[in-house]
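I have placed the structure first, in the form of structure tokens, so that the comments after it can refer back to it.
Residue numbers (my numbering): 3 to 316.
Right, dumping it as structure tokens:
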């Protein structure tokens with residue numbers, strides 16, 4: 003390479019020329035950037051409500067500041083119903099993580115073991131379908147299947163000599179129903195990422211393992227799982243940070259006053275206090291606190307992952 007060519011290669015392209023060369027690509031991201039700004043960044047200005055005695059008629063700029071400034075955060079900590087919601091949110095979030103996170107990994111491994119053919123394609127298609135059903139339809143199906151009067155599950159229990167169970171009015175059954183229905187709804191769709199990671203594994207590694215006499219289980223343990231470990235770690239980081247963000251819509255459709263003891267979480271509490279009770283400043287303080295907790299969980303999990311597995315978001 004000549005000296006003139008080397009200088010040309012090393013020189014940075016002017017920003018204006020670079021933008022003209024890639025104008026079509028930047029145009030494609032404009033709708034996403036605008037949506038992100040409108041619905042994710044501009045609403046963040048509402049955080050100021052947590053420190054104000056907010057009145058909708060006066061708006062952000064004329065509402066008086068709270069006295070003391072952290073009045074609603076203090077009220078939040080002292081509220082016994084809020085602390086119950088925190089406990090329920092953490093329990094439900096941790097249980098969901100324990101059972102829901104491994105499910106798509108296991109499913110992807112099972113699908114990968116099937117030979118290419120109609121059965122494999124049909125199985126994958128059927129597993130994806132529940133993800134595209136609305137939460138209203140999913141909960142409606144659950145109420146029909148688990149109905150105490152003529153639901154097939156209770157009919158089967160009665161045929162086996164047991165007593166019918168009022169699932170939707172039972173505190174003990176709320177969490178299992180929420181977790182199991184969530185796994186059924188998302189396991190197929192979430193497995194797509196793992197199947198994509200598995201498809202990128204060098205087949206020569208499996209061929210060498212077969213020559214060495216490795217069984218299918220040994221190949222999964224020593225080749226497949228280590229190869230998709232970076233993908234698993236990244237998704238685990240996101241999953242841990244989402245522990246405090248339960249599926250608000252599903253819980254709202256499933257729960258009632260009889261199961262508040264185990265079903266009432268922070269999101270439903272904020273809905274009742276903010277929308278129904280018009281406590282805008284108080285619920286803004288709750289929402290800000292939960293956002294900070296999620297961010298801290300994300301940072302902590304990322305740091306642990308980087309130290310243990312050397313795979314992280316940053």
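For glycine and all other residues, C-beta sits at the position ideal for the given N, C-alpha and C.
Model, not experiment: these values are computed from the prediction.
- Taking the Cβ atoms as the reference, residue 272 lies roughly 5 Å from residue 285, within the contact range of under 8 Å.
- Annotation: the continuous alpha helix (DSSP H) that includes residue 205 extends over 205 to 213.
- For residue 95, same chain residues with a beta-carbon under 7 Å away, outside a window of 5 residues either side, are 245, 246 and 248 in chain order.
- Counting other Cβ atoms within 10 Å of its Cβ, residue 144 reaches 16 or more and is therefore classed as buried.
- The Cβ-Cβ distance between residue 169 and residue 261 does not fall below 8 Å.
- DSSP places residue 41 in no alpha helix (DSSP H); its state is neither H nor E.
- Your pair residue 65 and residue 57 checks out as a contact, with CB atoms roughly 5 Å apart and the cut at 8 Å.
- With fewer than 16 other CB atoms across the displayed protein chains lying within 10 angstroms of its CB, residue 152 is exposed.
- Under a 10 Å Cβ-count criterion, residue 193 is classified as buried, with 16 or more other Cβ atoms of the shown protein chains found around its own Cβ.
- Contact check for residue 138 against residue 183 fails: the beta carbons are separated by 8 Å or more.
- DSSP, reduced to helix, strand and coil, places residue 54 within a strand of the structure shown.
- If you compare the alpha carbons of 171, 310 and 167 with that of residue 232, the shortest gap goes to 310.
- Within 10 angstroms of the beta-carbon of residue 162 lie fewer than 16 other beta-carbons, which makes it exposed.
- If you draw a 10 Å sphere on the C-beta of residue 242, you find 16 or more other C-beta atoms in it, and that means buried.
- The beta carbon of residue 185 sits closer than 8 Å to those of 101, 102 and 105, all from its chain and outside the five residues before and after it, given in chain order.
- Residue 26 places its beta carbon 8 Å or farther from that of residue 283.
- Counting the other Cβ atoms within 10 Å of the Cβ of residue 280 gives fewer than 16, which makes it exposed.
- Around the beta carbon of residue 60, a 10 Å sphere encloses fewer than 16 other beta carbons of the protein chains shown; the residue is thus reported as exposed.
- Burial is judged here by how many other beta carbons sit within 10 angstroms of a residue's own beta carbon; residue 108 has fewer than 16 and is exposed.
- Taking 4 residues as the minimum length, the alpha helix (DSSP H) runs contained wholly in the stretch 76 to 103 are 82 to 102, in order along the chain.
- Cβ-Cβ distances below 8 Å link residue 68 to 53, 54, 55, 74 and 283 in the same chain, with the five nearest sequence neighbours on each side left out; the list follows chain order.
- For residue 171 against residue 258, the beta-carbon gap comes to about 7 Å, under 8 Å, which counts as contact.
- Beta-bridge partners of residue 67 (DSSP): 54.
- In terms of Cβ geometry, residue 208 and residue 230 do not form a close pair [threshold 8 Å].
- Between residue 225 and residue 211 a beta carbon distance of about 6 Å is seen, short of the 8 Å cut, so the two are scored as contacting.
- In this structure, the CA atom of residue 206 is about 25 Å from the CA atom of residue 235.
- Note on residue 164: under 16 other CB atoms within 10 angstroms of its CB, so exposed under the neighbour-count rule.
- For residue 256, the three-state secondary structure derived from DSSP is helix.
- With fewer than 16 other Cβ atoms inside 10 Å of its own Cβ, residue 127 counts as exposed.
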